[in-house]
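Visitor: Starting off with a structure, shown below.
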Amino acid sequence: MTALTDNPPEKPKTVQIGVSHAREETEAVREAIGGFGPAAICFVLFFMPDHLDPEKVAAEISGQMPSAAVFGCSTAGQITSVGYENDALLLIAFPRRHFRCSSALIKPLKPSSIESTANQAKVLTDRFPRTGNWKRVAFIIADGMSKQEDLLVAALNAGLGDIPVFGGSAGNGLAFNETYVLHGGVAHRNAALLLLIETDLSFGGVGFDHILPTDRQMVVTHAVPDERLVLEINGVPAAREYARYVNCAVEDLSPKVFAENPVLVRNGKSWHVRAIQQVAEDGGLWFLSAIDDGLILTLGRGTEILKTLEMGLEHCRRKTGRPDFVIGFDCYLRRLEIEQNNLVESVSRILSQNRVFGFNTYGEQHLGVHVNQTFVGVAFYPPKDEVLY
């Protein structure tokens, strides 16, 4: 699916964007980098559709851009210069003039070690020489089927100190089978890519959803936390009880129902979505974030998704102007809701006008917390703008 905009905005000035819809890896990479200029590239991020082989894509990019480091992942959809797409290979080239980077592959994610992960992040920062007056931000892209993002992001937040962390979980359309992160030219499962970026551009974090809590609550009474599986809610088989709350037959539960009827947990004064992935064979519910016995779930209701998107991205704008580009990690459940309500064209226009580039995720990482059904991103500004987190 390709969404078009009436008047696409100017291209970013500080990164280069390449897109291809070719069905074969060599052709796709050649087409995507065909419009790149002569600027020396520090690293390339690529987000790919499920019809391309990730290792072949990484090898092709490395072969055609041998001086650049290459990182990427499989996705549940791409966000290109025209907005939402499903079949696009997206390349984002970060020039040496404005960016430096260092990376680490965190593997395995399961079993996980918080101490080891935090230490690995700290070592990465300590061994990455600082450039005077440049700022640092970290991107984390994790295997979206690992079920370890909550522990991973908490550990990285501890290890990276005051460096802000943003990211998303790799996807594979709506198949929910194998997802990949690309590092060192190899496609990895049960792993995460940690990318430490240093830049002379100022940047600001973005994070918002469109879900508000209702007064309807339920309690997890039997869960398998390591698997993010809830077997019982309120002492009743989980799928049956959730279906009762949302006035739906169990057999009619679907990603559409889950997207429109999310559940939330409260953390202090904040609410975070705990998205449901699918119904388990035994009548339980698979979740996309951490879950445990005794957890109180609050049924949420959606507000105007177009309005919240416009307002969220509007906050990126400053007195000195709008961002040069935004790297966006947008939950696939948000996209499902947008598609089901025939809003793809309108949303794509907003994303395009705000120069958002990224992918649809199986979960988002926002400043030390793993969340769902949320838009998370980093807005990068033209030189000489001030830093804003």
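Using UniProt numbering, the first residue of the sequence shown is number 1, and each one after it goes up by one. Note that CB positions come from ideal geometry on N, CA and C, so glycine has one too. Since this is a predicted model, take the numbers as computed values, not measurements.
Is Ala104 closer than 7 Å to Gly159 when the C-beta atoms are compared?
Guide: Going by C-beta atoms, Gly159 is not nearer than 7 Å to Ala104.
Visitor: Looking at the unbroken alpha helix (DSSP H) that takes in Asn267, where does it start and where does it end?
Guide: Run containing Asn267: none in the alpha helix (DSSP H); it sits in the beta strand (DSSP E), Val263 to Asn267.
Visitor: Three or more beta-carbon pairs under 8 Å between the segment 288-297 and the segment 260-274, yes or no?
Guide: Judged by Cβ distances under 8 Å, the segment 288-297 makes contact with the segment 260-274, as three or more pairs qualify.
Visitor: Ser113 to Val153, Cα distance in whole Å?
Guide: Going from the Cα of Ser113 to the Cα of Val153 covers about 12 Å.
Visitor: Between the segment 297-314 and the segment 47-60, can you find at least three pairs of beta-carbon atoms closer than 8 Å?
Guide: These segments do not touch.
Visitor: Taking the beta carbon of Pro66 as the centre, do at least 16 other beta carbons fall within 10 Å, making it buried, or is it exposed?
Guide: That one is exposed.
Visitor: Would you kindly work out how many angstroms separate the C-alpha atoms of Ala280 and Val257, rounded to a whole number?
Guide: Approximately 15 Å, taken between the alpha carbons.
Visitor: Excluding the 5 residues flanking His366 on each side, which residues of the same chain have their C-beta closer than 6 Å to its C-beta?
Guide: Cβ neighbours of His366 beyond the five flanking positions: Gly207 and Val376.
Visitor: How long is the line joining the alpha carbons of Phe357 and Ser81, rounded to whole angstroms?
Guide: Going by the C-alpha atoms only, they are around 7 Å apart.
Visitor: For His167 versus Ile197, is the C-beta spacing smaller than 7 Å?
Guide: Correcting the residue identity first, residue 167 is Gly in this sequence and not His. No, the pair does not count as a contact, with Cβ atoms beyond the cut-off.
Visitor: Mark Asp150 as exposed unless 16 or more other C-beta atoms lie within 10 angstroms of its C-beta, in which case mark it buried.
Guide: It is buried - the Cβ of Asp150 has at least 16 other Cβ atoms within 10 Å.
Visitor: Taking Val57 as the reference, give the member of Val250, Gly300, Ile41 and Ala32 with the closest Cα.
Guide: Comparing Cα-Cα distances from Val57 to each of Val250, Gly300, Ile41 and Ala32, the minimum goes to Ala32.
Visitor: Thinking C-beta only, is Ser62 closer than 7 Å to Ala170?
Guide: Taking 7 Å as the Cβ cut-off, Ala170 and Ser62 do not qualify as a contacting pair.
Visitor: Under three-state DSSP, which class holds Val153?
Guide: Val153: helix per DSSP, three-state reduction.
Visitor: Would you list the residues sitting across from Arg318 in a DSSP beta bridge?
Guide: According to DSSP, Arg318 bridges with Gly321.
Visitor: Jot down the residue ranges of each uninterrupted beta strand (DSSP E) in the segment 122-197, minimum 3 residues, whole runs only, in chain order.
Guide: For the segment 122-197, whole beta strand (DSSP E) runs of length 3 or above, ordered along the chain, are 135-142, 165-169, 181-183 and 186-188.
Visitor: Please state whether the Cβ-Cβ distance between Pro12 and Arg318 is less than 7 Å.
Guide: Not in contact: Pro12 and Arg318 (Cβ atoms no closer than 7 Å).
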